[in-house]
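Novice: This structure is in structure tokens; I'll ask about it shortly.
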Amino acid sequence: MHKLLNRQIKNYLNGDSEQLPDDFLNAIDQAYQRAEEERRWYEQSLSSSNGESRNRFNQLQGKLSELEQAKIELEQSIRKLRATMDAGYDGIIQINSHGYPTAYNDTALKMLNMSSTEIQSLSFERICRRFLKNIQNPQIAFNQMRKAIVNQEDSNSILIEHNDGCFYECKAKALELDGQIQGMVWTIKDITELKLKEREARYLAYHDELTSLPNRTLFSERLEHALELAKRKEDFLAVIFLDLDEFKTVNDTFGHAQGDLLLKKVSQRILVALREHDTFARLGGDEFVIMLEDVEDREAIVDVLDRIKHALDTPIMLGANQIYITPSLGVALYPDDGAEAGELLKKADMAMYNSKKHGKNTYSFYSTHFDSFSKYRLSMRTSLRRALRNQEFYLEYQPKFSLADKKMVGVEALIRWDNNDQPMSPSEFIAEAESNGMIIPISQWVLEQVCRDIAQWKCDGNCCCPVSINVTPRYFQHGNLVDDLQSLIDKYGICSSCIEIEITEQAFISDIDNAVARLQAINDMGIKISIDDFGTGYSSFNYLMKLPVQKLKIDNSFIRSLEESEIQHSLVAEIIKIAHIFGLSVIAEGVENENIMDLLTSYDCDQAQGFWLSMPVPASQFFQEYLAA
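Everything in the sequence shown is counted per the UniProt record's numbering, starting at 1 for the first residue and increasing by one.
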């Protein structure tokens, strides 16, 4: 029986349970038992429920802490993202699906020239219209941007050039969340600096850096285009090749910086002389080219050529120096002389060389006989190689005499060419050899032949007088003159004092320091040096103070004109006087009569040579007449 029921029977029935029917008592007992079981179950359930609640509470507390920490971290991330956006160079605008901005950075506000309040009150379409109002074709750009907005799709780069010269690149990126387009992100990049650099690079690719004229590339493109147009319209077109006469002399004399300044001033003058639609380009160095379109006849071209020449009539000032510069011009015509750009340029160049050949400071129209001249130059190069290989060159010797006692004091070696094909003056083939590079091996041949002749005269028991050898600028500057001299002196066992070197101003004026070093090395070998053709270039006695030279040779153009004027008398006399002050001996070349020799003697000139004194003679004749005797 249940303990509680038993206790109640004792309290109320004095423990006499027999007063109650057994069925009733059993039913009550079972009810008590069930109640007890239910109580225990509820107690157990309550205990279990309290534990779970505590666990759940603890879990919720932990989750809340995590959420609070995540919120803090999210806020920090948002602040960092915002700071990053504001610090970036690109403008960023986030737009919702309704087309209104929901986020943006400071850079975007600056680019759009808007405040935060303004941008929040406008749709993105209106923002775009305001941004695009200062460009050339705003509707085209707006349509591109609007298409991306309406279609909620990524856009290609949209280039926008503002009227103030600023360039922007705009891009749209769809904002997708859970597979749904929630809006757009627009970026605006300021690419002004990049575009300006691209523009500068493009300009430099098509223009000459020094003069800002079109360069060869741009000229060729314009010429090709002009030829196509001329073919369709059956028009006349002219290509003019222009080269400045004696520019190298100016460049060498005054330096490359002054030479560049001269090129700029020349190009400015020529530009003024040309028509507005003519194309004037610099190919490089002192070479320019001009294209004349819409010319009716040769007279119109000649008018332009005359204006170009006239533009250079007056001197150009380089610092305190007045420089006279002249052009040589060559003209090729379309369609008369060719139909292709390269052909016209080539023929204009050939015409220009014809102008050089005929005195410079003039112009020539292309003629078919120029082709033969070009072939002649190629043939000349081949002939010079053959002449060197077949020993067609030989030397003649022209004595020099002392004006004090009329005795021979030296001799000059002069190269000659036994060319069976055609007669050729030394000045002609030497100039050609200098231009094509053959002058170096030819000069080396001359040097060795002189040393060989000196050695032979020595073997014959004759005392040798100094032999002067002309050294060209190219051999002096680019050959191995010093090494060649020492090698040949050693090879033939001759005395270095038997050799003298003659160089022109052009050999040293471009690089005086290197020239001094080379000349000093030659001096140290015991070889004397003369300045040849003095007075024909830009040099002065200032250069002679720097150079280790012993003699000065006055150019024959001064000597031959002595009888023409008193000014020439005074000029030659002063040159001799100043040279003596510098301790230099003076040689006059080109003496052709007794009167000139008497004048030179009165000026205290030291030595003379010329046809009146002695013609150049072959080595064997020179030996018989001057050494054996």
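Beta carbons are placed, not taken as given, at the ideal position from N, Cα and C, and that holds for glycine. All values derive from a computational prediction rather than experimental measurement.
Taking buried to mean at least 16 other C-beta atoms within 10 Å of its own C-beta, is Leu403 buried or exposed?
Specialist: To locate residue 403, count along the sequence shown from 1; it is residue 403. Leu403 is buried by the Cβ-count criterion.
Novice: What does the Cβ neighbour count give for Asp524, buried or exposed, with the cut at 16 atoms within 10 Å?
Specialist: Reading the sequence shown from its first residue, position 524 is the one you call residue 524. With fewer than 16 Cβ atoms within 10 Å of its Cβ, Asp524 is classed as exposed.
Novice: Indicate whether Asn361 and Asp532 have their beta-carbon atoms separated by less than 9 Å.
Specialist: Residue numbering aside, residue 361 sits at position 361 when the sequence shown is read from its first letter. Residue numbering aside, residue 532 sits at position 532 when the sequence shown is read from its first letter. No, they are not a contact pair.
Novice: Out of Leu132, Gln486, Trp445 and Arg34, which one is the CA nearest neighbour of Asn470?
Specialist: The residue given as residue 470 occupies position 470 in the sequence shown. Residue Trp445 is the option with its Cα nearest to Asn470.
Novice: Between Val617 and the rest of its own chain, which residues show a CB-CB distance below 8 Å, the 5 nearest in sequence each way excluded?
Specialist: For the purposes of this step, residue 617 is taken as residue 617 along the sequence shown, with counting starting at 1. Excluding sequence neighbours, Val617 sits near Glu396, Tyr397, Gln398 and Glu625.
Novice: Among Phe558, Ser530 and Leu481, whose alpha-carbon lies nearest the alpha-carbon of Ala521?
Specialist: Against the sequence shown, residue 521 aligns to sequence position 521. Ranking the options by Cα distance to Ala521, first place goes to Leu481.
Novice: Candidates Cys495, Asn436 and Thr368: which alpha carbon is nearest Ile454's?
Specialist: Against the sequence shown, residue 454 aligns to sequence position 454. Nearest option by C-alpha distance: Cys495.
Novice: By Cβ distance, which residues of its chain are closer than 7 Å to Lys407, with the 5 residues on each side in sequence left out?
Specialist: Position 407 of the sequence shown, counting from 1, holds the residue named residue 407. Only Phe401 meet the Cβ criterion.
Novice: What is the DSSP secondary structure of Pro618, reduced to helix, strand or coil?
Specialist: Reading the sequence shown from its first residue, position 618 is the one you call residue 618. Strand at Pro618.
Novice: On the CB-based measure, 16 or more other CB atoms within 10 Å of its CB, does Ile327 come out buried or exposed?
Specialist: Translated into the one-based positions of the sequence shown, residue 327 becomes position 327. In the sequence as displayed, the identity of residue 327 is Pro instead of Ile. It is buried - the Cβ of Pro327 has at least 16 other Cβ atoms within 10 Å.
Novice: Nearest to Gly529 by alpha carbon, out of Ala273, Ala226, Arg54 and Pro548?
Specialist: For this step, residue 529 is matched to residue 529 along the sequence shown. One detail in the question is off: residue 529 reads as Ile in this sequence, not Gly. The shortest C-alpha separation from Ile529 is found at Pro548.
Novice: Thinking C-beta only, is Val467 closer than 9 Å to Ala515?
Specialist: As a first step, residue 515 must be located in the sequence shown, where it is residue number 515. As a first step, residue 467 must be located in the sequence shown, where it is residue number 467. Not closer than 9 Å, so no.
Novice: Just to confirm before moving on: does the CB-CB distance between Asp555 and Ile576 stay below 9 Å?
Specialist: Your numbering for residue 555 matches position 555 in the sequence shown. Your numbering for residue 576 matches position 576 in the sequence shown. No, the pair does not count as a contact, with Cβ atoms beyond the cut-off.
Novice: Using CA atoms only, rank isn't needed, just tell me which of Met424, Glu428, Gly437 and Met380 is closest to Lys357.
Specialist: Here residue 357 refers to the residue found at position 357 when the sequence shown is read from its first residue. Ranking the options by Cα distance to Lys357, first place goes to Glu428.
Novice: I'd like the list of long-range same chain contacts for Arg474, defined as Cβ closer than 7 Å, with 5 residues on each side in sequence excluded.
Specialist: Translated into the one-based positions of the sequence shown, residue 474 becomes position 474. Excluding positions up to five away in sequence, the list reads Glu434, Ile439 and Ile440.
Novice: Less than 6 Å between C-beta atoms, sequence neighbours within five positions excluded: which residues of the same chain meet that for Phe167?
Specialist: Looking up residue 167 in the sequence shown gives position 167. Closer than 6 Å at the Cβ level, and outside the excluded window around Phe167, lie Glu161, Ile191, Thr192 and Lys195.
Novice: Measure the alpha-carbon distance for Phe623 versus Ile489 and round it to whole angstroms.
Specialist: To locate residue 623, count along the sequence shown from 1; it is residue 623. To locate residue 489, count along the sequence shown from 1; it is residue 489. Going by the C-alpha atoms only, they are around 20 Å apart.
Novice: Can you find at least 3 beta carbon pairs, one from the region 317–325 and one from the region 215–233, that sit closer than 8 Å?
Specialist: The region 317–325 is not in contact with the region 215–233.
Novice: Taking the Cβ atom as the reference point for each residue, do Ser383 and Asn436 lie within a distance shorter than 9 Å?
Specialist: Locating residue 383 in the sequence shown gives position 383, where the first residue counts as 1. Locating residue 436 in the sequence shown gives position 436, where the first residue counts as 1. No.
Novice: Please name the residue in His207, Gly179 and Ile559 whose C-alpha comes closest to that of Gln609.
Specialist: As a position in the sequence shown, residue 609 is number 609, starting the count at 1. If we check each option's Cα against that of Gln609, Ile559 comes out closest.
Novice: Measure the alpha-carbon distance for residue 648 versus Gln180 and round it to whole angstroms.
Specialist: Residue numbering for the chain in the displayed model covers 1 to 629; residue 648 lies beyond these limits and cannot be assessed.
Novice: Expressed to the nearest angstrom, what Euclidean distance is found between the alpha-carbon atoms of Val450 and Ala431?
Specialist: Residue numbering aside, residue 450 sits at position 450 when the sequence shown is read from its first letter. Residue numbering aside, residue 431 sits at position 431 when the sequence shown is read from its first letter. Rounded to whole angstroms, Val450 to Ala431 spans 21 Å at the Cα level.
Novice: Going residue by residue through the region 524–569, where are the continuous beta strand (DSSP E) segments of at least 3 residues, counting only ones entirely within it?
Specialist: Entirely contained in the region 524–569, the beta strand (DSSP E) runs reaching 3 residues are, in chain order, 528–534 and 551–554.
Novice: Quick check on the burial criterion: 16 or more other C-beta atoms within 10 angstroms. Buried or exposed for Trp41?
Specialist: Within the sequence shown, numbered from 1, the residue matching residue 41 stands at position 41. Per the 10 Å Cβ criterion, exposed.
Novice: Nearest by alpha-carbon distance to His369: which of Tyr363, Arg282 and Met350 is it?
Specialist: Translated into positions along the sequence shown, residue 369 becomes position 369. Residue Met350 is the option with its Cα nearest to His369.
Novice: Alpha carbon to alpha carbon, what distance is there between Val586 and Gln607?
Specialist: The residue you call residue 607 lines up with position 607 of the sequence shown. The residue you call residue 586 lines up with position 586 of the sequence shown. Distance between the alpha carbons of Gln607 and Val586 is about 6 Å.
Novice: Is Phe611 helix, strand or coil by DSSP?
Specialist: Reading the sequence shown from its first residue, position 611 is the one you call residue 611. Correct three-state label for Phe611: coil.
Novice: When you compare the region 211–226 with the region 126–139, are there three or more beta-carbon pairs, one atom per stretch, that lie closer than 8 Å?
Specialist: They do not touch, by the three-pair rule.
Novice: To the nearest angstrom, how far is the alpha carbon of His98 from that of Gly183?
Specialist: As a first step, residue 98 is located in the sequence shown; it is residue number 98 there, counting from the start. As a first step, residue 183 is located in the sequence shown; it is residue number 183 there, counting from the start. One C-alpha to the other measures close to 8 Å.
Novice: Give the single residue among Gln76, Arg79, Tyr104 and Ser620 whose Cα lies nearest to the Cα of Tyr89.
Specialist: Along the sequence shown, read from residue 1 onward, the residue named residue 89 stands at position 89. The residue with the shortest Cα to Cα distance from Tyr89 is Tyr104.
Novice: Go through its chain and collect everything with a Cβ distance to Asp337's Cβ below 6 Å, but skip five positions before and after it.
Specialist: By one-based count along the sequence shown, residue 337 stands at place 337. Same-chain partners within the cutoff: Lys347 and Tyr366.
Novice: The beta strand (DSSP E) that contains Phe280, what's its start and end?
Specialist: Counting from 1 along the sequence shown, the entry for residue 280 is found at position 280. Thr279 to Gly284 is the extent of the beta strand (DSSP E) around Phe280.
Novice: Mapping the DSSP letters down to three states, classify Gly338 as helix, strand or coil.
Specialist: Here residue 338 refers to the residue found at position 338 when the sequence shown is read from its first residue. Gly338 falls in the coil class under three-state DSSP.
Novice: From what residue to what residue does the alpha helix (DSSP H) around Phe476 run?
Specialist: Residue mapping note: residue 476 aligns to position 476 of the sequence shown, counting from 1. Run containing Phe476: Pro473 to His478, per the alpha helix (DSSP H) assignment.
Novice: Apply the 10 Å Cβ neighbour rule to Thr211 and answer buried if 16 or more other Cβ atoms are within range, or exposed otherwise.
Specialist: Walking along the sequence shown from the start, residue 211 turns up at place 211. By the neighbour-count rule (16 or more Cβ atoms within 10 Å), Thr211 is buried.
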